[in-house]
Amino acid sequence: MNYEALLEELGLDGTLQKQTSKSPQNNTRASDNTYLTKTPETQPRKIKLILNVNLSSNQVEQLMIYQDDDPKTKVSEFCHLHQLDKNAQNVLIKQINSNTNNENYQSQHKLQQQNYYSKQLQSYSTKESEQPGERLYQLAQKKKEQRENQIKQYQTEKQEQEQQQFQQTPKLSKQTKIYLEQAGYRKNGYMREKGTLKDKQIQQVFLDEQGKEYNFVPQINELSKQMSNYIREKQHYENVFDELYEQARNRMYSQPEYDIPECTFKPSVNQNIKIDENFLTRMEKKQEEQRERRELIKMKYENVDLKTRQLLYRPKICRSPYAQTSSENVYEQIKSQAVHEKLYLQSKLKSEKLQQLTKQTIMEQKKSLNVRLKNEFSEDIVFLQRKKILKQLFAEMDSNQDGLIQCSYEEINNLSPNIIQTLWPIFKILQEQKIQLDFDDFFENVYEYCVNLPQIQKDIIFKKSKNNNPIMKDQDHTFIPKTNKKSKSINTVHYPSCKCEICSQIANIQRELNDQ
């Protein structure tokens, strides 16, 4: 609602009104009948508060409360008229109470009164001129004044709202001002000192109360006093080095007390345990592992700053396909390729590097698990047992018992088929050399070959397995399965000791070739 509409409702407009009488015969204006019409003298109601309520984005309504009105009834009528909830009604009542209690209410009230009376006086004093130019000029001035007043009112309301939002700042006392003016003042330090002082005061009170209960005072002899004074004077060192020297000296004198001669028990510690790997090799492996770990960590946290632990900003740059990406040979070869192909190759190289690193870590873990602790005494026993077994094999091959063999087919056929299967490569090499071997030469060649074999093949040679001993057929079981030719050919293993048709033909051909 505007002020002009409000004044029209109250009948306080006070504008000049003209009555013109025109006769049907003469079209002349009767200037004698003009007169001023004033509103009847009524006491104007004083405005207490004006609230601008935003009902929507485009709709704004004013709630005017006079001094004689009850704010609750006025708000309820306003809410009923505009169909508002009870929550909105409570908010409006709180706003009215806060604004009425504010200190700036009087200044706002005076400003509204001045505007109201100034308009009322202007309406009495001013007279509408008969000329249209002057009348339009007066209307423009009125509108200009109304706009200025509305702007001032809006600014005052805005300032009041801002002041309500700000919290009340406490006033500083003289003592706090002195602390602030001092140099090197810190809030945390002051609070800490204050807390420590309180703790000391509480502790002192507690000790005073506790001291009242204990009345015992020890009496010291003169001789003990002299001794204590002498020790204190003696312990007063000039330098730290003297004090350390005396501490070491006292420690040296007290050390024999720990080594009691009566204690005869001394545990024996085995010092023959050795590790296959050398110290240098182990240290090199550790260094390599550390390097690989660092590389993996760099790959993961490459975009992180080590000091701030924050992600680094790296903008994506779209380069032309003709630009040089790097100095590596791989990238030099693919300069003429498209951008998407280059990016694909880069990602592929990174993935291959990661796969290689993972494979290396797995292999090293396996190697570390295979490391065994060995004892010299146990190694000697195992070596002698293996030498004994190889001596038995040499005796089986030496049918003439002259202490020499040539690893021929006749000598090899004396052994069991499983042993021939495992030792056939070394026997073949010895056959090609065509040299007579004694036990020492046979042992050196065969033992070097056996050491590099896997554990399963070692067990076949050096241990009694199920395959070495012949299996006795049980007479109770009469079922014999029928096998196909193909299954027989798969199951049969052809060795020099085999006596099938194919193996016999091969043996005859080899003998003829050897004779030639």
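The numbering of the sequence shown is UniProt numbering, which starts it at 1 and goes up by one.
Using N, Cα and C, we set each Cβ at its ideal position, and we do this for glycine too.
| Asked | Found |
| --- | --- |
| Looking at chain C, is there any beta carbon in it that lies within less than 8 Å of the beta carbon of Ala-140? | Checking the listed chains, one finds no chain C in this structure; it contains a single protein chain. |
| To the nearest angstrom, how far is the alpha carbon of Asn-400 from that of Asn-508? | 23 Å |
| So, with DSSP's three-state summary, where would you put Val-382? | helix |
| According to the neighbour-count rule (16 or more other Cβ atoms, all chains shown, within 10 Å of its Cβ), is Val-75 buried or exposed? | buried |
| Relative to the alpha-carbon of Phe-439, which residue among Ser-368, Ser-224, Asp-402 has its alpha-carbon at the smallest distance? | Asp-402 |
| With DSSP as the reference, identify every bridge partner of Val-53, one or two as the case may be. | Glu-61 |
| Hey, would you say Leu-415 sits closer than 8 Å to Glu-444, going by beta carbons? | no |
| Rounding to the nearest angstrom, what Cα-Cα distance links Leu-384 and Gln-406 in this structure? | 24 Å |
| Mind the definition here: the region 453–465 touches the region 414–428 only if three or more C-beta pairs lie below 8 Å; say whether that holds. | yes |
| To which residues does DSSP link Leu-437 through a beta bridge? | Ile-405 |
| Go ahead and pull the three-state DSSP assignment for Val-231. | Going by the sequence as given, residue 231 is Ile instead of Val. Ile-231: helix per DSSP, three-state reduction. |
| For Ile-202, is the classification buried or exposed, using 16 other Cβ atoms within 10 angstroms of its Cβ as the cut-off for buried? | exposed |
| For Tyr-447, list the residues DSSP reports as bridge partners. | DSSP, once it has assigned bridges, lists no residue as partnering Tyr-447. |
| Taking 6 Å as the limit between beta carbons, can you name the residues of its chain near Leu-423, skipping five residues before and five after? | none |
| Taking contact to mean 3 or more Cβ pairs, one atom from each stretch, closer than 8 Å, check whether the region 132–149 and the region 74–93 are in contact. | no |
| Given that a residue counts as buried once 16 or more other Cβ atoms are within 10 Å of its Cβ, and exposed if not, what is Ile-480? | exposed |
| Please classify Ile-65 as buried or exposed, where buried requires at least 16 other C-beta atoms within 10 Å of its C-beta. | buried |
| Could you please give me the residues that DSSP links to Tyr-66 through a beta bridge? | Ile-47 |
| For Leu-415, which three-state DSSP category applies? | coil |
| Let's test the definition: count the other Cβ atoms within 10 Å of the Cβ of Asn-99 and tell me whether it reaches 16, buried, or not, exposed. | buried |
| According to the neighbour-count rule (16 or more other Cβ atoms, all chains shown, within 10 Å of its Cβ), is Lys-143 buried or exposed? | exposed |
| Following the continuous alpha helix (DSSP H) through Pro-71, name the residue where it begins and the one where it ends. | 71–82 |
| Give me the Cβ distance between Ile-96 and Leu-49, rounded to the nearest whole Å; I'm assuming they're in contact under 8 Å. | 6 Å |
| On the three-state DSSP scale, how would you describe Pro-425? | helix |
| Run through DSSP, which three-state label would His-236 get? | coil |
| Could you please give the first and the last residue of the uninterrupted alpha helix (DSSP H) stretch that includes Phe-462? | 455–462 |
| Please check the pair Pro-71 and Ile-93, which I expect to be a contact at CB under 8 Å, by giving their CB distance rounded to whole angstroms. | 6 Å |
| With 16 other CB atoms within 10 Å as the buried threshold, where does Leu-354 fall? | exposed |
| When you compare the CB positions of Glu-292 and Thr-361, do they come within less than 8 Å of one another, or not? | yes |
| Can you give the Cα-Cα distance for Lys-387 and Tyr-447, rounded to whole angstroms? | 8 Å |
| Do the CB positions of Tyr-59 and Leu-51 come within less than 8 Å of each other? | In the sequence under discussion, the amino acid at residue 59 is Gln, which differs from the Tyr named in the question. No, they are not a contact pair. |
| If we ignore side chains and look at the alpha-carbon of each, how far apart do Ile-429 and Cys-450 end up? | 14 Å |
| Just mark Ile-220 as buried or exposed, buried being the case when its beta carbon has 16 or more other beta carbons within 10 Å. | exposed |
| Measuring alpha carbon to alpha carbon, tell me which residue in Asp-515, Val-53, Gln-505 is nearest Glu-157. | Val-53 |
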